[in-house]
Amino acid sequence: KPEPAGQLNFYLSAVDAQIKADDDKPTIGLLLCRTQNRLVAKYALSGIDKPIGVAEYQLVRALPQPLDTSLPSIEEIEA
Numbered sequence: 008k009p010e011p012a013g014q015l016n017f018y019l020s021a022v023d024a025q026i027k028a029d030d031d032k033p034t035i036g037l038l039l040c041r042t043q044n045r046l047v048a049k050y051a052l053s054g055i056d057k058p059i060g061v062a063e064y065q066l067v068r069a070l071p072q073p074l075d076t077s078l079p080s081i082e083e084i085e086a
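Each residue of the sequence shown is one higher than the one before, counting from 8 in our numbering.
Below, the structure written as structure tokens:
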């Protein structure tokens with residue numbers, strides 16, 4: 008769907024205007040998709056001039072090494 012690309016572009020613009028410092032590198036967005044459809048991604052992102060990465064993902068029950076030890080647990084995030 009094209010809507011998430013527009014929403015991501017909105018958030019990138021907000022970060023650039025409200026949070027990003029002058030000496031920061033360009034803000035990037037990462038758009039994760041359940042399936043790969045290059046045509047939809049191409050049309051959804053055309054005209055957006057900010058760097059956005061598009062990737063397919065899979066849900067897993069456990070994080071692979073070394074992510075499981077380098078990221079905070081759900082309990083730590085919710086605390």
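Yeah, the Cβ is synthetic: ideal placement off N, Cα and C, and Gly gets one too. Because the structure is a prediction, the values reported are computed rather than measured.
Practice problem: Name the residue from D31, Q65, G36, G54 whose alpha carbon lies nearest to the alpha carbon of L19. | Solution: G36
Practice problem: Give the DSSP-derived three-state secondary structure of I84 in the structure shown. | Solution: helix
Exercise. Tell me, please, which residues DSSP counts as bridged to I59.
Key: G36
Quiz prompt | CA-to-CA distance, R41 to A12, given in whole angstroms | solution = 14 Å
Quiz item: So, is L52 buried or exposed, given that buried needs 16 or more other C-beta atoms within 10 angstroms?
Solution: buried
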